[in-house]
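Structure, as structure tokens:
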Amino acid sequence: ELKVEQNPLFLSMQEGKNYTIYCNYSTTSDRLYWYRQDPGKSLESLFVLLSNGAVKQEGRLMASLDTKARLSTLHITAAVHDLSATYFCAVDSPNQGAQKLVFGQGTRLTINP
Amino acid sequence: DGGITQSPKYLFRKEGQNVTLSCEQNLNHDAMYWYRQDPGQGLRLIYYSQIVNDFQKGDIAEGYSVSREKKESFPLTVTSAQKNPTAFYLCASSVDGGWIREQYFGPGTRLTVT
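Line order of the protein sequences matches chains A and B. Here the first sequence stands for residues 1 to 113, where the numbers follow the numbering used here. Here the second sequence stands for residues 1001 to 1114, where the numbers follow the numbering used here.
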């Protein structure tokens, strides 16, 4: 059974600082997704990582994937308040046909002025 | 505009009543999904459908039912057998097949049962 674990689950940081959220998963998969969720809202797609060594960047966020280590990271550079949200990683389960995503628990990020 | 709509946004029901949540998409996606989210938790898969008139149970299907009579629509019924129905329900869709298979989410329905 595929399990996905994120850490930390809660992160409070100051504006201008850098930090990394980690996403570990338990079985082979080479498709990983990062989503953002604002309070009371739906999920917004941030990154789709499709192969080992994939790196994608959007503004102050950068995501990477190491399929051999079964690890993805979401790095935040020089954080700003607008990045406060809950971030989820999701892994595509190794199942032919249907795409069944297994989500991590989420990392609630609070960025303080 | 292409997208996924869910209605209603908020829903209140008495215990023992069945309730149906609507999900419609105009993205021409084959696959549709229903997730449940509890406060402070990740998403858990209830049901999914890859094609019209076919659907599969997810990880927490007990107490729920679905139908897929049209490609655009995937309604979810929360039955009285669901012991803890109060939650935030999210519908999603994706292109079935292909390599990326990114899921797109609707705005969600917050169900409160008292």
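Just so it is clear, CB atoms sit at the ideal spot from N, CA and C, and this is done for glycine as well.
- Answer with yes or no whether the minimum CB distance from Phe-1105/B to chain A is below 7 Å. The count along the second sequence starts at 1 and reaches residue 1105/B at position 105. So, interface residue.
- Task: Find out if the Cβ-Cβ distance for the pair Tyr-1047/B, Ala-1031/B is shorter than 7 Å.
- Result: Residue mapping note: residue 1047/B aligns to position 47 of the second sequence, counting from 1. Residue mapping note: residue 1031/B aligns to position 31 of the second sequence, counting from 1. In this structure, Tyr-1047/B keeps its C-beta atom at 7 Å or more from the C-beta atom of Ala-1031/B.
- Close beta carbons around Asn-24/A, own chain, < 7 Å, minus the five adjacent residues each side: Counting from one through the first sequence, the residue named residue 24/A turns up at place 24. A distance below 7 Å between beta-carbons, with the five flanking residues on each side excluded, links Asn-24/A to the following residues of its chain, in chain order: Glu-5, Arg-70 and Leu-71.
- Query: Glu-5/A lies in the beta strand (DSSP E); which residues open and close that run?
  - Reply: Residue numbering aside, residue 5/A sits at position 5 when the first sequence is read from its first letter. First-last of the beta strand (DSSP E) with Glu-5/A: 4–7.
- Query: On the three-state DSSP scale, how would you describe His-81/A?
  - Reply: What you label residue 81/A is simply residue 81 of the first sequence in a count that begins at 1. The answer is helix: DSSP assigns His-81/A an H, G or I state.
- Query: Going by the CB atoms, is the gap between Thr-1077/B and Asn-1018/B shorter than 7 Å?
  - Reply: To locate residue 1018/B, count along the second sequence from 1; it is residue 18. To locate residue 1077/B, count along the second sequence from 1; it is residue 77. In contact: Asn-1018/B and Thr-1077/B (Cβ atoms closer than 7 Å).
- Query: Which whole-angstrom value is the C-beta distance of Leu-1021/B and Gln-1041/B, which I expect to be below 8 Å?
  - Reply: Within the second sequence, numbered from 1, the residue matching residue 1021/B stands at position 21. Within the second sequence, numbered from 1, the residue matching residue 1041/B stands at position 41. With a beta-carbon spacing of about 18 Å, Leu-1021/B and Gln-1041/B fall beyond the 8 Å limit used to define contacts.
- Query: By the criterion of Cβ-Cβ separation under 8 Å, what are the contact partners of Leu-1011/B in chain A?
  - Reply: For this step, residue 1011/B is matched to residue 11 along the second sequence. Near Leu-1011/B there are no residues of chain A at all, since even the closest Cβ is about 15 Å away, more than 8 Å.
- Task: Closer than 9 Å, Cβ to Cβ, to anything on chain B: give me those residues from the segment 27–45 of chain A, in chain order.
- Result: Of all residues in the segment 27–45 of chain A, only Arg-31, Tyr-33, Tyr-35, Gln-37, Gly-40, Lys-41, Ser-42, Leu-43, Glu-44 and Ser-45 come within less than 9 Å of chain B when Cβ atoms are compared, listed by chain position.
- Task: Could you tell me which chain A residues have their CB closer than 8 Å to the CB of Ser-1047/B, listed as they occur along the chain?
- Result: On the second sequence, residue 1047/B is found 47 positions in, with the first residue counted as 1. Before going further, note that residue 1047/B is Tyr rather than Ser in the sequence given. Neighbours of Tyr-1047/B on chain A: none; closest Cβ ~11 Å, over 8 Å.
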